[in-house]
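Some notes on the structure that comes next.
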Amino acid sequence: MNSILKELLEYSGKLSKNKLVIGPGGNTSCRLKDKLYIKPSGLNFEEMKVDDFVEVDIETGVISERQKRKKPSSEILMHRYIYQKRPDVMSIFHAHPPITIGLAASGTEFKHLYPDSAAYLGKEILVLDYIVPTTYKLAEYVRDKIENYVSIVLQNHGAITVAKNPKTAYLRMELLEGLAYSLWIALSSNPNGKIRYLTDQEVDEVINLDAEKYRTKLYDNG
Ligand SMILES: [Zn+2]
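Numbering-wise, the sequence shown is residues 306 to 527 according to the numbering used here.
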């Protein structure tokens, strides 16, 4: 059994366990050479086994012969396009984190409040306008915007995080929802908007000087 698939299964399960998806929805994948392995349609993360991930050719979208009976997640095109555009990305997590969705619907900018979010979510968190889920238009839109980001919020829909491994992609999703929670508290306890965000310089300092230290301290090499 391949270890990246085991890791994908383990951290995919945490999405529902930790309420980053509510009910069905959300999908995850990883890349192995020229194939991606993606959550099948119609199964919850908790009931999945490693063999349930559907093997799909990243370039052509063709499902591997031995898995023809399975149907990949309806966001398969978005996953394929991200892998095509970003050779550095080895895993993609797409979830529907409720606080992130609520905050994005209010038009709030996702700016960093603390060093962990800056170290892990990238210099900027992109918030994209609503586009109907599962469509070609959404996949194309994300592909055209994702170049410089590891964390993307999809307004009125959810979020996407990408990384070099499933664990980091998951942790980014968890940190994104944590940031949304902190922003929510800050905004609701101070409605006139005087919030002390990290400045651009402070974000740069964390990213340029301390990112390595943070990664080691927090989690891994992703
Ligand atoms: Zn979705």
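Glycine included, C-beta positions come from ideal geometry on N, C-alpha and C.
By DSSP, does residue 397 sit in helix, in strand, or in coil?
Here residue 397 sits in strand by DSSP.
Give me the Cα-Cα distance between residue 473 and residue 325, rounded to the nearest whole angstrom.
Taking the straight line from one Cα to the other gives about 15 Å.
So is residue 452 buried or exposed if we call it buried at 16+ other beta carbons inside 10 Å?
Classification for residue 452: exposed.
Strictly by DSSP, which residues pair up with residue 342?
Paired residue(s): 335, 360.
Scan the stretch 416-494 and note each continuous alpha helix (DSSP H) run of 4 residues or more that stays entirely inside, going in chain order.
For the stretch 416-494, whole alpha helix (DSSP H) runs of length 4 or above, ordered along the chain, are 420-426, 441-450, 471-494.
C-beta contact flag for residue 393 and residue 469 at 8 Å
Yes; because the gap between Cβ atoms is below 8 Å, this pair is in contact.
Does the Cβ of residue 445 lie closer than 7 Å to at least one heavy atom of ligand 1?
Residue 445: no, Cβ never under 7 Å from ligand 1.
Would DSSP call residue 500 helix, strand or coil?
Residue state, collapsed to three classes: coil.
Could you pull the DSSP bridge partners for residue 377 from this structure?
345, per the DSSP bridge assignment.
Check whether residue 398 and residue 475 have beta carbons under 8 Å apart
In terms of Cβ geometry, residue 398 and residue 475 form a close pair [threshold 8 Å].
Which same chain residues, not among the five before or five after residue 369, have their C-beta less than 7 Å away from its C-beta?
360, listed in sequence order.
Determine the contact status of residue 485 and residue 405, defining contact as a CB-CB distance below 8 Å.
Contact flag set, yes.
Which same chain residues end up closer than 7 Å to residue 460 when comparing Cβ atoms and leaving out the 5 residues on each side of it in sequence?
Apart from sequence neighbours up to five positions away, the residues of its chain that approach residue 460 with a beta-carbon distance below 7 Å are 409, 410, 432, 433, 434, 435, ordered along the chain.
Unbroken alpha helix (DSSP H) run spanning residue 506, endpoints
Where residue 506 is concerned, the enclosing alpha helix (DSSP H) starts and stops at 505-510.
Flag this pair as yes or no: are the beta carbons of residue 503 and residue 384 separated by less than 8 Å?
No, Cβ-Cβ distance for residue 503 and residue 384 is not below 8 Å.
Can you look up residue 327 in the DSSP assignment and give me helix, strand or coil?
Judged by DSSP in its simplified three-state form, residue 327 adopts coil rather than helix or strand.
Around ligand 1, what residues have a beta-carbon under 6 Å from a heavy atom of it, in chain order?
Counting only beta-carbon distances shorter than 6 Å to the non-hydrogen atoms of ligand 1, the qualifying residues in chain order are 330, 399, 401, 438, 462, 463.
According to DSSP, what are the bridge partners of residue 368?
Partner(s): 361.
CB residue 437 to CB residue 455, shorter than 8 Å?
No, Cβ-Cβ distance for residue 437 and residue 455 is not below 8 Å.
Quick one: using the 10 Å Cβ neighbour count with 16 as the cut-off for buried, is residue 336 buried or exposed?
Residue 336 should be labelled buried.
Top-ranked residue by Cα proximity to residue 450, from 390, 493, 355:
Out of 390, 493, 355, 390 has the C-alpha closest to the C-alpha of residue 450.
What residues in its chain sit with their C-beta under 8 Å from that of residue 445, if we drop five residues either side in the sequence?
Short of 8 Å from the beta carbon of residue 445, and not among the five residues preceding or following it, lie these beta carbons of its own chain, in chain order: 386.
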